[in-house]
Structures are given as C-alpha cells and as structure tokens.
Amino acid sequence: MLEDVVLPAEIIGKRIRYCLDGSKIMKVFLDPKERTNTEYKLESFPAVYRKLSGKDVVFE
Numbered sequence: 811m812l813e814d815v816v817l818p819a820e821i822i823g824k825r826i827r828y829c830l831d832g833s834k835i836m837k838v839f840l841d842p843k844e845r846t847n848t849e850y851k852l853e854s855f856p857a858v859y860r861k862l863s864g865k866d867v868v869f870e
C-alpha cells in the first residue's frame, strides 16, 4: 500500500524508529531522481498513509 501512495516515485529505503514511549515511526526514503516531481507532495503523503493505515510515517 505504501508503494501505491507514492506511485510516481520509487522507495529506496525504509527505517523504523522505536521511541522510548513505545511508539514507532517509519521513515521512508524516496528516490532523489524524482525529488523535483514529488517535493510538493511530501506533506500530503503522510496524511494519506495515516488515513488509510492508521500508522505514522515520515517521508524524506
């Protein structure tokens, strides 16, 4: 599902960060070649993914 949200871009890496309070944040790294095409969408990707899955994610 994550690949479908960022469809024009390609995911090159994923990291999960575990906080001391027990929460998890997933960091998703997008292909730098597609940065110009997806830069203005970086704010909406986390909101769409959270609405669909209920999980927090950060795109870089």
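Under this note's numbering, think of the first position of the sequence shown as 811, with each following residue one higher.
Cβ coordinates follow ideal geometry from the N, Cα and C atoms, glycine included.
Here the structure is a predicted model, which means the values were calculated and not measured.
Under 9 angstroms between C-beta atoms of residue i and residue j
i: E853; j: A819; result: no
i: E813; j: I822; result: no
Beta-bridge partners of residue i, as assigned by DSSP
i: V836; result: For the record, residue 836 in the displayed sequence is Met; it is not Val. M836 is bridged to I826, V867.
Whole-angstrom distance between residue j and residue i, CA atom to CA atom
i: I826; j: Y859; result: 15 angstroms
i: A857; j: V868; result: 10 angstroms
i: F855; j: S863; result: 12 angstroms
i: E849; j: L840; result: 10 angstroms
i: L817; j: M811; result: 10 angstroms
Nearest-angstrom beta carbon gap, residue j and residue i [assumed within contact, 8 angstroms]
i: M836; j: K865; result: 7 angstroms
i: V838; j: K824; result: 6 angstroms
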